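Structure first, commentary second.
Protein chains: 2
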Amino acid sequence: MTTTTSHSTASRSLSERIADAIADMIRTEGLAPGDPLHSARSLAAEFEVTVPTVREALRRLEAVEVIQFRHGSGTYVGGGVRRRLLANPHTGGDLASVLELVDARLLIEPGIAAAAAANRNDEQLAALEATTQNALVPQRGNERPREHFHVALAAASGNALVCDTLAALLDVRSRDQVEIRRRYHDRERDHEEHIEIFRAVSEQDAAAAAELTRTHLAAIRDTVITLGEELG
Amino acid sequence: MTTTTSHSTASRSLSERIADAIADMIRTEGLAPGDPLHSARSLAAEFEVTVPTVREALRRLEAVEVIQFRHGSGTYVGGGVRRRLLANPHTGGDLASVLELVDARLLIEPGIAAAAAANRNDEQLAALEATTQNALVPQRGNERPREHFHVALAAASGNALVCDTLAALLDVRSRDQVEIRRRYHDRERDHEEHIEIFRAVSEQDAAAAAELTRTHLAAIRDTVITLGEELG
DNA sequence: GGTCATCAAGTGATCTAGTCACTTGATGTG
DNA sequence: CACATCAAGTGACTAGATCACTTGATGACC
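Line by line, the protein sequences are chains A and B. Take 0 as the starting number for the first sequence in numbering that gives the first Met the number 0 and just add one per residue. Take 0 as the starting number for the second sequence in numbering that gives the first Met the number 0 and just add one per residue.
Here it is in structure tokens:
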């Protein structure tokens, strides 16, 4: 229930402890993503430190998307408060790593699909169905990112941590992924396969859900390989 | 190969771009965890910004363990440079989330074990065997964290991203996990089960590796549930 | 009355210029 | 040779500014 934040040593830096305190504050006050935080100056006064110190703390939190800065406007709660797993925003990578990502998904997603089929409730099912439309309509640049079909599928497994895991995984090399999707992948086919998976989950057919997910990802994998060959 | 870091807008803050630049620098210069970075003052001079700005950038990187501060000593490369997935260090949670974690592992690790059995090479196998000893000897507080058996197992799958995923997962609520292990779990049994899984992987028996992993995690799950009941 | 430019207050972003606390390797003494 | 001492380098933090951006209120204009 309560946080076991005590990391003994007490040698943790002031800005680090303030970062924890702010994160705690967000949680205890029940703030949701988008809610405004006190200004950096106010926070500095509250914690009785100077502005640069509280800004270091905020930068820490920004890195994990717990908060979000908006220049001239304020500081807001970010989506990371609830996510327990994150994609590292500071990693480079090559095209080989895109293939590695698909392989990783191939390894874990079928099991997730099976669990979703076994455990899903009606609400999760409805949310999953809603996301099947996303494959058809390209994402607009300015609109808020929609929930991904595969994330909704993981959510239907009933385990929020599994959902976080898959979301983080999809966030890895996300730019390359959307690029591949946009330029080389068959949206129609994606959509159809999503529908089929949805149907299996709907009918609580775990084995079918797993198998359909496997073939679906295998198709994506082929696309990536083909792309790799084209680019040499 | 090359980074596609351009996030268009150019509205990204100076400290954010510097954080990227430092991460890039670490990668291009091939620095490994533990290697020293230039001092904050030097970096400030190199990037032609002031110290607080470069410190904000460094705090960002510290949050994802790409770098690490040592007061009075210097700034060093951290273990996060290579990790693509991370556990969010700023999340609270309760005991229910520990159970959720075990469930998540139960969902994805058997598949990983099977892949490890199918793809492992001799080097990975040797590394895996080495970690089987860890369950017996308690971790000393001051010693460097040892590689976890289950992480080594994921590494043997041949997919580094899968390995990162499992490592991040085990990092979630790690304090609770070690606490549970230390006080309630049967080390002997852990060790024996690890040995059995290792043997299955060694013999490239994918089905057995998956099943043994499942029962192993199920045992851990029972421990957590029992603990939950004891505490009410 | 409604639309739109203007403006001032609030906020984030960055700078400047320091002081204090800690680590570490060199120095020198016993 | 072992050990205390010390100075230089480094991170941690303070203090007080200035600039850039957003936003809601104001008020003029149509």
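Glycine included, every Cβ here is placed at the ideal spot set by N, Cα and C. None of these values were measured; they are calculated from a predicted model.
Next on the checklist: Would the stretch 19-32 of chain A count as touching the stretch 23-42 of chain B if we require 3 or more Cβ pairs under 8 Å?
Outcome noted: no
Checklist entry - Would you report the Cα separation of A115 of chain B and A103 of chain A, rounded to the nearest angstrom? => result On the second sequence, position 116 is the one that residue 115 of chain B refers to. On the first sequence, position 104 is the one that residue 103 of chain A refers to. Their Cα atoms are separated by approximately 12 Å.
Checklist entry - For N158 of chain A, which residues in chain B fall below 8 Å Cβ to Cβ? => result By 1-based counting over the first sequence, the position of residue 158 of chain A is 159. Neighbours of N158 of chain A on chain B, chain order: E99, D102, A103 and L106.
Next on the checklist: Please classify T3 of chain B as buried or exposed, where buried requires at least 16 other C-beta atoms within 10 Å of its C-beta.
Outcome noted: Within the second sequence, numbered from 1, the residue matching residue 3 of chain B stands at position 4. Because the pLDDT of T3 of chain B is 39, which lies under 50, any placement of that residue in the model is unreliable, and the number read from its coordinates should be weighed accordingly. It is exposed - the Cβ of T3 of chain B has fewer than 16 other Cβ atoms within 10 Å.
Item to check | Closest by C-alpha distance to R81 of chain A, when choosing among A:V63, A:P35, A:H89 and A:A209 | outcome: Here the question's residue 81 of chain A lines up with position 82 in the first sequence. The candidate whose alpha carbon is nearest that of R81 of chain A is A:V63.
Checklist entry - Mind checking if L226 of chain A is an interface residue toward chain B, Cβ cutoff 8 Å exclusive? => result In the first sequence, the residue the question calls residue 226 of chain A occupies position 227. No, L226 of chain A does not count as interfacial toward chain B.
Item to check | Chain-ordered neighbours of N87 of chain A on chain B, where CB pairs are closer than 7 Å | outcome: As a first step, residue 87 of chain A is located in the first sequence; it is residue number 88 there, counting from the start. Simply V63, G79, R82, R83, L84 and L85.
Item to check | Reduced DSSP category for P109 of chain A - H, G, I as helix; E, B as strand; rest coil | outcome: Indexing the first sequence from 1 puts residue 109 of chain A at position 110. Three-state result, P109 of chain A: helix.
Next on the checklist: Report the CB separation of S156 of chain A from I111 of chain A in whole angstroms; it is logged as a contact under 8 Å.
Outcome noted: Indexing the first sequence from 1 puts residue 156 of chain A at position 157. Indexing the first sequence from 1 puts residue 111 of chain A at position 112. Contact holds; Cβ gap of about 5 Å.
Item to check | Between the CA atoms of A166 of chain B and T130 of chain B - distance to the nearest angstrom | outcome: Taking the first residue of the second sequence as 1, we reach residue 130 of chain B at position 131. Taking the first residue of the second sequence as 1, we reach residue 166 of chain B at position 167. Each residue's alpha carbon lies about 14 Å from the other.
Checklist entry - With a CB to CB cut of under 8 Å and the five nearest residues on each side skipped, what residues in its chain are close to V101 of chain B? => result Residue mapping note: residue 101 of chain B aligns to position 102 of the second sequence, counting from 1. L216, I219, R220 and V223.
Item to check | Selection of the stretch 161-182 of chain A by Cβ proximity to chain B, strictly under 7 Å | outcome: V161, T164, A167, L168, V171 and R174
Checklist entry - What does T232 of chain B reach in chain A if we use C-beta pairs closer than 7 Å? => result The question about residue 232 of chain B has no answer here: the residues shown for chain B are numbered 0 through 231.
Item to check | CB-CB length for A86 of chain B against R83 of chain A, believed under 8 Å | outcome: Position 87 of the second sequence, counting from 1, holds the residue named residue 86 of chain B. Position 84 of the first sequence, counting from 1, holds the residue named residue 83 of chain A. That pair is a contact at about 7 Å.
Checklist entry - Would N141 of chain A be called buried (16 or more neighbouring beta carbons within 10 Å of its own) or exposed? => result Here residue 141 of chain A corresponds to residue number 142 of the first sequence, with the count starting at 1. At N141 of chain A the pLDDT is 46, less than 50, meaning the model places this residue with poor confidence; the figure from the coordinates comes in the next sentence. It is exposed - the Cβ of N141 of chain A has fewer than 16 other Cβ atoms within 10 Å.
Item to check | Every unbroken alpha helix (DSSP H) inside the stretch 15-94 of chain A [4 residues or more] | outcome: 39-46 and 50-62
Item to check | Beta-carbon gap between G77 of chain B and V65 of chain B smaller than 8 Å | outcome: Residue 77 of chain B sits at position 78 when you count from the first residue of the second sequence. Residue 65 of chain B sits at position 66 when you count from the first residue of the second sequence. Taking 8 Å as the Cβ cut-off, G77 of chain B and V65 of chain B qualify as a contacting pair.
Next on the checklist: To be precise: take each residue of the stretch 23-55 of chain B, compare its Cβ to all Cβ atoms of chain A, and keep it if any distance is under 8 Å. Which residues remain?
Outcome noted: D23, R26, P51, R54 and E55
Next on the checklist: Measuring straight from C-alpha to C-alpha, what distance separates H190 of chain A and R69 of chain A?
Outcome noted: Along the first sequence, one-based indexing puts residue 190 of chain A at 191. Along the first sequence, one-based indexing puts residue 69 of chain A at 70. Roughly 36 Å separates the two Cα atoms.
Checklist entry - How about G110 of chain A: is its C-beta nearer than 8 Å to some C-beta of chain B? => result Counted from its first residue, the first sequence places residue 110 of chain A at position 111. Yes, G110 of chain A lies at the interface with chain B (some Cβ there is under 8 Å from its Cβ).
Checklist entry - Between the beta-carbon of I196 of chain A and the beta-carbon of L152 of chain A, is there less than 8 Å? => result Within the first sequence, residue 196 of chain A is the residue found at index 197, counting from 1. Within the first sequence, residue 152 of chain A is the residue found at index 153, counting from 1. Cβ distance < 8 Å, so I196 of chain A and L152 of chain A count as in contact.
Checklist entry - If R58 of chain B sits next to S14 of chain A, beta carbons under 8 Å apart, how far is it from one beta carbon to the other, in whole angstroms? => result Mapped onto the second sequence, residue 58 of chain B falls at position 59. Mapped onto the first sequence, residue 14 of chain A falls at position 15. Contact holds; Cβ gap of about 7 Å.
Checklist entry - Which of helix, strand or coil does DSSP assign to V101 of chain A? => result Here residue 101 of chain A is taken as the residue at index 102 of the first sequence, counted from 1. In the structure shown, V101 of chain A sits in a helix (DSSP, three-state: H, G or I).
Next on the checklist: So that I know if they touch, is there some Cβ in chain A lying closer than 8 Å to that of D121 of chain B?
Outcome noted: The sequence position of residue 121 of chain B within the second sequence is 122, counting from 1. So no, D121 of chain B is outside the interface.
Checklist entry - Should T164 of chain B be labelled buried (16 or more other beta-carbon atoms within 10 Å of its own) or exposed? => result As a working note, residue 164 of chain B is residue 165 in the second sequence. It counts as buried.
Checklist entry - For Q203 of chain B, which three-state DSSP category applies? => result The residue you call residue 203 of chain B lines up with position 204 of the second sequence. Coil, per DSSP.
Item to check | Listed by chain order, chain A residues near R58 of chain B by CB distance under 7 Å | outcome: Position 59 of the second sequence, counting from 1, holds the residue named residue 58 of chain B. Per Cβ cutoff of 7 Å: S14, E55, R58 and R59.
Checklist entry - Exposed or buried, D121 of chain B, counting other C-beta atoms within 10 Å across all chains shown (16 or more means buried)? => result Here residue 121 of chain B is taken as the residue at index 122 of the second sequence, counted from 1. That one is exposed.
Checklist entry - Where do the N-terminal and C-terminal ends of the alpha helix (DSSP H) with E128 of chain B fall, by residue? => result Mapped onto the second sequence, residue 128 of chain B falls at position 129. Residues D121 to T130.
Checklist entry - Around the C-beta of C162 of chain A, are 16 or more other C-beta atoms found within 10 angstroms, so that it is buried, or is it exposed? => result Position 163 of the first sequence, counting from 1, holds the residue named residue 162 of chain A. Classification of C162 of chain A: buried, given that the 10 Å Cβ count is 16 or more.
Item to check | Unbroken alpha helix (DSSP H) run spanning D163 of chain A, endpoints | outcome: The sequence position of residue 163 of chain A within the first sequence is 164, counting from 1. Run containing D163 of chain A: A159 to D170, per the alpha helix (DSSP H) assignment.
Item to check | Status (buried if at least 16 other CB within 10 Å, exposed otherwise) for D170 of chain B | outcome: Against the second sequence, residue 170 of chain B aligns to sequence position 171. By the 10 Å Cβ count, D170 of chain B comes out buried.
Next on the checklist: Among the candidates B:R119, B:A206 and B:Q176, whose CA atom is the shortest distance from the CA of G92 of chain B?
Outcome noted: Here the question's residue 92 of chain B lines up with position 93 in the second sequence. Measuring from the Cα of G92 of chain B, the nearest candidate turns out to be B:Q176.
Item to check | Assumed close pair L160 of chain B, E178 of chain A - CB separation to whole angstroms, cut-off 8 Å | outcome: Within the second sequence, the letter at position 161 stands for residue 160 of chain B. Within the first sequence, the letter at position 179 stands for residue 178 of chain A. In fact, because the Cβ distance is near 18 Å, the residues do not count as touching under 8 Å.
Checklist entry - In chain A, which residues lie less than 7 Å from A114 of chain B when you measure between Cβ atoms? => result In the second sequence, the residue the question calls residue 114 of chain B occupies position 115. The contacting residues are L106.
Checklist entry - If we count the other Cβ atoms within 10 Å of its Cβ and call it buried at 16 or more, is G29 of chain B buried or exposed? => result For the purposes of this step, residue 29 of chain B is identified with residue 30 of the second sequence, where counting begins at 1. Exposed: under 16 other Cβ atoms inside 10 Å.
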